[in-house]
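Colleague:
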Amino acid sequence: MAKVWLTGGTGYIGSHTYVDLLEGGHTVFSTDDYSNSSPEVLENITAITGKEANNYEVDICDLEALEAVIQSEGKIDAVIHFAAFKAVGESVEQPLKYFKNNLVGLIHVLEMCKRYAISHMIYSSSCTVYGNPKELPVTEDTPILPAASPYGLTKQMGEDIILSSLMDAGIGSVLLRYFNPAGAHESGKIGEDPRNAALNLVPVITETAIGKRKEMAVFGSDYPTRDGTCVRDYIHVSDLARAHTLALEYALEHVPSGSWDVFNLGVEQGVTVLEAIQAFERVSGQKLNYKMGPRRPGDVVAIFADASKARDRLGWVPLRDIREIMRTAWEWEKVRSR
Ligand SMILES: NC(=O)c1ccc[n+]([C@@H]2O[C@H](COP(=O)([O-])OP(=O)(O)OC[C@H]3O[C@@H](n4cnc5c(N)ncnc54)[C@H](O)[C@@H]3O)[C@@H](O)[C@H]2O)c1
């Protein structure tokens, strides 16, 4: 069993991974400054797992404060680095904020690996690195295309920074390229709870259904897809969390210092925006108030994963489909709107 440091462990994907790691018997602590999460998440992780969850409220860009925490924790086997800002639109308006937080933060985490002999890093990357791919599904060998936003650029640069620093930092690393994480924990106790207005399709759907928004727009109905709307590969956050535990265990055993590996994490099924809406309407029994709108600049037409590598090497099998995503997201929306 490993001792694992999560950066951003009270965030959306971090909190589900925290649960999965505790359930797998690992020892876990988090550093999260709550810039996009809250301390209540810890109680809910404990309520789900029956185990204590611990977060240090520290900004990873503050090297001195970060080092004090890492020093106090003693031997750490691996870090899973989630902490980053992720709002694409905001990154276009405030690129420096994103470069600073996502890149300086990463460099500090690598520095901690070097100083405190943390031998492995799992990194949250994204399918945005593939841009608007020419061929589907995308494999890990699909070419990386120029980033469409400063956020996307931080993910690409993050990968490059890690791969260039493996020897210096003394780590083996696994890059995980997520497709579209969505849904919430089965318990209804944790889920996506952003500080700012939601931008991703699934929370926009549930916020519209519960009345937080009067209506929602479907951006573009004339794309060259089966119903004219964009295609994405929605992956349930609990399946994604499981993949982190498997990737961690794989890294500790098979990825020695100075080497790396990369995995796509998606369910290998493209779902259109209209199909996602229909899935929501079916599981919730609610009619959604949406209207067709113009295309949104920067949106990729269609993307879905070939995740056979994760299946073969990690033994990862995603168990939940778009209906389960919508069902849990809807339950979570009702809980967080109380
Ligand atoms: N959710 C997605 O759609 C998606 C897709 C692909 C990749 N990713 C990546 O996965 C990671 C986790 O995403 P998420 O959806 O859980 O986001 P999230 O915002 O819910 O979680 C990130 C957490 O990091 C914390 N944080 C941010 N900057 C920090 C700092 N400087 N110091 C300390 N804590 C800090 C936030 O408070 C938050 O709790 C991010 O790196 C994101 O870029 C997310």
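Everything in the sequence shown is counted per our numbering, starting at 1 for the first residue and increasing by one.
Ideal Cβ placement from N, Cα and C applies to all residues, glycine included.
Please read all numbers here as calculations on a predicted model, not as lab measurements.
Can THR229 and SER221 be called in contact, C-beta distance under 8 Å?
Modeller: Taking the first residue of the sequence shown as 1, we reach residue 229 at position 229. Taking the first residue of the sequence shown as 1, we reach residue 221 at position 221. The answer is yes: Cβ separation under 8 Å.
Colleague: Cutting at 8 Å between CB atoms, please list the residues of its own chain near LEU136, excluding the five before and the five after it.
Modeller: Stepping through the sequence shown from its first residue, residue 136 is reached at position 136. These residues qualify, in order along the chain: GLY270, ALA302, ILE303, PHE304.
Colleague: Determine contact between the segment 196-210 and the segment 143-159, defined as no fewer than three beta-carbon pairs at a distance below 8 Å.
Modeller: In short, these stretches do not touch, since the Cβ pair count stays below three.
Colleague: Only counting the same chain, and skipping five residues up and downstream in sequence, which positions put a Cβ closer than 8 Å to that of GLU111?
Modeller: Translated into the one-based positions of the sequence shown, residue 111 becomes position 111. Hits under 8 Å: LEU63, ALA169.
Colleague: For ARG311, report the span of its beta strand (DSSP E) as first-last.
Modeller: Your numbering for residue 311 matches position 311 in the sequence shown. Note, ARG311: premise wrong, no beta strand (DSSP E); not H, not E.
Colleague: Quick one: what does DSSP say ASP299 is sitting in, helix, strand or coil?
Modeller: For this step, residue 299 is matched to residue 299 along the sequence shown. Note: ASP299 maps to coil in three-state DSSP.
Colleague: What does a CB cutoff of less than 6 Å around MET326 pick up in its chain, not counting 5 residues either side in sequence?
Modeller: Here residue 326 refers to the residue found at position 326 when the sequence shown is read from its first residue. Taken in chain order, the residues that qualify are ALA279, PHE280, VAL283.
Colleague: Just list the residues that DSSP pairs PRO181 with in beta bridges.
Modeller: The residue labelled residue 181 in the question sits at position 181 within the sequence shown. Per DSSP, ILE235.
Colleague: Note down the Cα distance separating LEU240 from GLU93, rounded to an integer number of angstroms.
Modeller: Mapped onto the sequence shown, residue 240 falls at position 240. Mapped onto the sequence shown, residue 93 falls at position 93. Answer to the nearest angstrom: the Cα atoms are 29 Å apart.
Colleague: Kindly indicate the opening and closing residues of the beta strand (DSSP E) around PHE304.
Modeller: Residue 304 sits at position 304 when you count from the first residue of the sequence shown. Element bounds for PHE304: n/a, residue is neither H nor E.
Colleague: Alpha carbon to alpha carbon, how far is LYS114 from SER72?
Modeller: Reading the sequence shown from its first residue, position 114 is the one you call residue 114. Reading the sequence shown from its first residue, position 72 is the one you call residue 72. Rounded to whole angstroms, LYS114 to SER72 spans 16 Å at the Cα level.
Colleague: Tell me whether the beta-carbon of LEU176 lies closer than 8 Å to the beta-carbon of ALA247.
Modeller: Position 176 of the sequence shown, counted from the first residue, corresponds to residue 176. Position 247 of the sequence shown, counted from the first residue, corresponds to residue 247. Yes, they are a contact pair.
Colleague: On the three-state DSSP scale, how would you describe VAL104?
Modeller: Locating residue 104 in the sequence shown gives position 104, counting from the first residue. Residue state, collapsed to three classes: helix.
Colleague: Return the chain-ordered list of same chain residues with a C-beta closer than 7 Å to the C-beta of GLY25, the five sequence neighbours on each side being excluded.
Modeller: Your numbering for residue 25 matches position 25 in the sequence shown. Closer than 7 Å at Cβ, skipping near neighbours: MET1.
Colleague: Could you tell me whether any non-hydrogen atom of ligand 1 is closer than 7 Å to the CB of GLY14?
Modeller: For the purposes of this step, residue 14 is taken as residue 14 along the sequence shown, with counting starting at 1. Yes, since a heavy atom of ligand 1 falls inside the 7 Å radius drawn around the Cβ of GLY14.
Colleague: Using a threshold of 8 Å, state whether the C-beta atoms of ILE210 and ILE161 are closer than that.
Modeller: Working through the sequence shown from its first residue, we reach residue 210 at position 210. Working through the sequence shown from its first residue, we reach residue 161 at position 161. Going by C-beta atoms, ILE210 is not nearer than 8 Å to ILE161.
Colleague: With a threshold of 7 Å (Cβ to nearest heavy atom), would GLY89 be considered close to ligand 1?
Modeller: Within the sequence shown, residue 89 is the residue found at index 89, counting from 1. Answer for GLY89: no, Cβ out of range of ligand 1.
Colleague: Looking only at its own chain, which residues have a Cβ that is under 6 Å from the Cβ of VAL19, when we skip the five neighbours before and after it?
Modeller: Within the sequence shown, residue 19 is the residue found at index 19, counting from 1. For VAL19, where only same-chain residues beyond five positions count, the Cβ hits under 6 Å are ILE45, ILE48, THR49.
Colleague: Which one or two residues does DSSP pair with ASN264 in a beta bridge?
Modeller: Looking up residue 264 in the sequence shown gives position 264. Looking at the DSSP assignment, ASN264 forms a beta bridge with ARG177.
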